[in-house]
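There are 2 protein chains.
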Amino acid sequence: MLFEKIAVLTQDEQVQPELYVAVQGDSIAYVGRERPKGDFGRRYDGRGKLLMPGLVNAHSHAPMTLLRGYAEGLSLQAWLNERVFPFEARLTGQDVYFGSLLAYAEMLRFGVTASADMYFFGQDMAKAVLDSGMRANICLSVTCFDDRAFEELPVYEETLRLLESSQGAGNGRLRVDACLHAEYSSTPKVVAGVADFARRMGLRVHVHLSETRQEHEACKARWGLTPAAYLERQGLLENPGIAAHCVHCEEGDRQILAKHGVSAACNPVSNLKLASGILDAPAMLRAGVNLCLGTDGAASNNNLNLFEEMKDLALLSKGLLGDPCAVSAQQALRAATRGGALALGREDCGLIKAGLKADLAVLDAEKPWWSPRFDGPAQLCFGAQGSDVVLTMVDGRVLYEDGRWLTIDVEEARDQVQRRAERIAAELGA
Amino acid sequence: MLFEKIAVLTQDEQVQPELYVAVQGDSIAYVGRERPKGDFGRRYDGRGKLLMPGLVNAHSHAPMTLLRGYAEGLSLQAWLNERVFPFEARLTGQDVYFGSLLAYAEMLRFGVTASADMYFFGQDMAKAVLDSGMRANICLSVTCFDDRAFEELPVYEETLRLLESSQGAGNGRLRVDACLHAEYSSTPKVVAGVADFARRMGLRVHVHLSETRQEHEACKARWGLTPAAYLERQGLLENPGIAAHCVHCEEGDRQILAKHGVSAACNPVSNLKLASGILDAPAMLRAGVNLCLGTDGAASNNNLNLFEEMKDLALLSKGLLGDPCAVSAQQALRAATRGGALALGREDCGLIKAGLKADLAVLDAEKPWWSPRFDGPAQLCFGAQGSDVVLTMVDGRVLYEDGRWLTIDVEEARDQVQRRAERIAAELGA
């Protein structure tokens, strides 16, 4: 495929007009001002369009589309204990498959080409990733409230089987990460066990960190350490990966994340909705932490449109710190694209550059809200709509274009999710 | 027009499935479970759709689409003095006409049926309102930095002429309000003059209030009164209307607004972007102030999608006050619809109820992010996209449907805005 005369969000987060971008196989073969020689197949007229790296949803629980709107007006602990956990206890693998499929349809609609999903029923999550054509790091949520070691938990065996069946599947699109749900939902023995497992297997780790003040302070009371310091002591952070939320991280915590190359995934919408607060993005950036963005699950958002997270990240940083330069449009764009790719350990994604994977989104830049064109990055960060996306490509393959999904039967996924969610709600008498 | 079997956001901000809503002339003729007798012309299949009152943008400067993206990363005073004012000094009436037209195209695309616009070149603003079919309260910005009385300012004559030519035009769609730009940009004499004028002419007043801390504190230092108390003393608030921003209002200020029936227009995106802060919405509601929402101008947003303001109002209130119930989806929906209508003095708008004006938006509720359907109001407030709007009707007339604008040549408006904005930027050497 050859994108012709298209505006491009380049590596330095500037918008350059009228470039040529060629895709060959799963990768970007060429980016430049001149038409490249050779036949790249389909030619795409880029006039009035903008090409950007696909967005990366670096903290998500894709199957939670099933719980969208099920638990409103609650803070995190009540939301989890009274509504989410009882619902999740009744999920089947098929529920998780269709919930994920609907999530990926939505992400693709909004230009998201990769996500990091923590949940249960790994085989069903994996099938949804492979069927949809998405790129995803998936992991199985590890919790433990008793004396067992990690290797004694059913999730250990499940993770081993998932690694065996799925690691690197779909031309490397699918990866399996190690996981710890959180400090407050595990024991020191299990944290150390996951840490050791990840190190031995060479896995990245996905973990919730300092999401609420209560969690952060309770950890300090329990261990005399912040969650980040505690997880570091247990060896978990020797494996780079994703620390989700980081709302209540202190300066020392940011240093710990930076030191170990752990990325901080900001989830502004979910954190506000559950009244948890908001990550200090400028402090994270100053400390040298790789910043990325997540939607969290649909139950606390209620959509998976990462453009909203990008805008809110920049807005909140400006508004709450009283500094209109606190986080620039460029920094927010980077968090939504390259920052996310690096958080997933996908160094070959997240930039429009020859040799990198062809994970791309094309936007219609002729909508009324795109005029005049004074500042491309600001327009992308603050003005653009997720629905401006007219084409989403993952691994060189078009998965969404002009209202049509090429790999997902969206009507089927929607109806399945509706029926399955109603079934569980009825079982719970809700 | 008869909407058949359509889900409806009702007066109590609940979503009721499968209702019939009939429109006759400029008004809603019927809302109910049974198919009404009589011929209402076109029948609209409402299956999979949701009907809600049109949204009301209660604080906007429509022509500022011309400045979209022109001044990024600045706080309010620098943004105004260094970038906005020099640009605005070079605007012509035709610039303002096309800027407004593009703004109304964008608002209609996102289901906004009415707006309150403060700017210059009233005749050109009025023409854009009438040509587009929008409902709008427009007013001419009053500022004064010398010793003249209101009646000695050119804007006084302009306002008189605008009232004469345009008050109530377009079947009452167009109204002219009185205006004071703000306390800091005027003198006590002019405030009293505008107050007296509004009282004599029976006009509502549109004013900026306590947008930044600097403005709020400087007013207290200058007069020993908060901006709200100062404007009250000068008689301005005896005329109900719109106080825009109210970010730094104190409890006494909220009591003043409530006492005089002045509405508080929250502009969450603009207030965050210019690092001004955020209005305390729960406190406003507790004080009995009518709360409404605005996008402010496109230069500080950068779009006019009021769905973003609605979501951010609820999110910010929850997240910053640490209370997930601080502002409910229902309260945010009300602020975006009925609250806005009341702020504009449009008691006959903002609800889906027989006898009221037919200002309506239809949303496609079959997009992936609308499943499952557990909680209609939450889905509308947190999940829905402005781009889900498939039909916008003002005063009984369809103005936007399925990608087409029926009264505005959007391509022409976009090209005009592009050329005119570039002209001014070139003049300024930007």
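Chains as they are written, first to last, in my numbering: chain E, 149 to 578; chain R, 149 to 578.
The beta carbon of each residue, even a glycine, is placed where N, CA and C say it ideally should be.
Can you pull the chain E neighbours of residue i, defined as C-beta to C-beta under 7 Å?
i, result
"E254/R", "P516 and W517"
"C397/R", "Chain E residues near C397/R: none, gap ~16 Å exceeds 7 Å."
"I286/R", "Under the 7 Å cutoff, chain E gives no residues; its nearest Cβ is about 20 Å from I286/R."
"Y218/R", "F522"
From the options, pick the residue whose C-alpha is nearest to that of residue i; which is it?
i, options, result
"A264/E", "R190/E, A369/E, A484/E and G341/E", "A484/E"
"E166/R", "V546/R, H364/R and A513/R", "A513/R"
"F188/E", "G196/E, L278/E and G173/E", "G173/E"
"E299/R", "Y267/R, G341/R and S313/R", "G341/R"
"R347/E", "A413/E, L385/E, E575/E and V410/E", "L385/E"
"S448/E", "D460/E, S418/E and L439/E", "S418/E"
"L469/R", "I426/R, G445/R, L492/R and M458/R", "I426/R"
"F455/E", "S248/E, G259/E, V171/E and D193/E", "G259/E"
"Q109/R", "N415/R, A376/R and R381/R", "Because chain R is modelled from 149 through 578, residue 109/R falls outside the range shown and cannot be assessed."
"F345/E", "H396/E, R370/E and V290/E", "V290/E"
"C529/E", "E152/E, M200/E and D557/E", "M200/E"
"H393/R", "D279/R, R381/R, G445/R and K407/R", "G445/R"
"V475/R", "A489/R, L439/R, C497/R and L504/R", "L439/R"
"G194/R", "I154/R, D543/R, K185/R and S208/R", "I154/R"
"G221/R", "P472/E, L222/E and F246/E", "P472/E"
In chain E, which residues lie with their C-beta within 8 Å of the C-beta of residue i?
i, result
"N453/R", "W517 and Q533"
"V565/R", "S519 and P520"
Under three-state DSSP, which class holds residue i?
i, result
"P165/E", "strand"
"Y245/E", "helix"
"V437/R", "coil"
"K505/R", "strand"
"C397/R", "coil"
"Q533/E", "coil"
"L301/E", "coil"
"E363/R", "helix"
"A343/R", "helix"
"E549/E", "strand"
"K155/E", "Note on residue identity: the sequence assigns Ala, not Lys, to residue 155/E. Three-state result, A155/E: strand."
"K197/E", "strand"
"L328/R", "strand"
"V475/R", "coil"
"V538/R", "strand"
"L427/E", "coil"
Using DSSP bridges, identify the partner residues of residue i.
i, result
"V260/E", "L203/E"
"G389/R", "V353/R"
"G285/R", "For the record, residue 285/R in the displayed sequence is Asn; it is not Gly. Answer by DSSP bridge pairing, in chain order: A264/R and R323/R."
"I556/R", "DSSP output for I556/R lists no bridge partner at all."
"R191/R", "L150/R"
"Y178/R", "A170/R"
"L228/R", "Per DSSP, none; premise fails for L228/R."
"A274/E", "BP columns for A274/E are empty, so no partner."
"A412/E", "A391/E and L439/E"
"S208/E", "D265/E"
I want to verify the contact list: residues of chain E whose CB lies under 9 Å from the CB of residue i, in sequence order.
i, result
"Y245/R", "Residues of chain E passing the Cβ test: none, with the nearest at roughly 15 Å."
Considering only their Cβ atoms, is the gap separating residue j from residue i smaller than 8 Å?
i, j, result
"C292/R", "V338/R", "yes"
"A423/R", "L405/R", "no"
"L301/E", "V324/E", "no"
"A435/R", "N387/R", "no"
"V510/E", "L214/E", "no"
"G389/R", "V353/R", "yes"
"M282/E", "Y252/E", "yes"
"L481/R", "L157/R", "yes"
"N205/E", "W517/R", "no"
"T540/E", "G202/E", "yes"
"L463/E", "K466/R", "no"
"G270/E", "E306/E", "yes"
"L224/R", "E359/R", "yes"
"S314/R", "A369/R", "no"
"F235/R", "L576/R", "yes"
"E549/R", "V542/R", "no"
"G544/E", "S175/E", "yes"
Starting from the beta carbon of residue i, find every residue of chain R whose beta carbon is closer than 9 Å, and list them in chain order.
i, result
"D471/E", "S223 and A423"
Along chain R, in chain order, which residues have C-beta atoms closer than 8 Å to that of residue i?
i, result
"N450/E", "W517, A526, Q527, F530 and G531"
Show which residues of chain R have a CB atom less than 7 Å away from the CB atom of residue i.
i, result
"K153/E", "Per Cβ cutoff of 7 Å: no residues; K153/E is ~18 Å from chain R at best."
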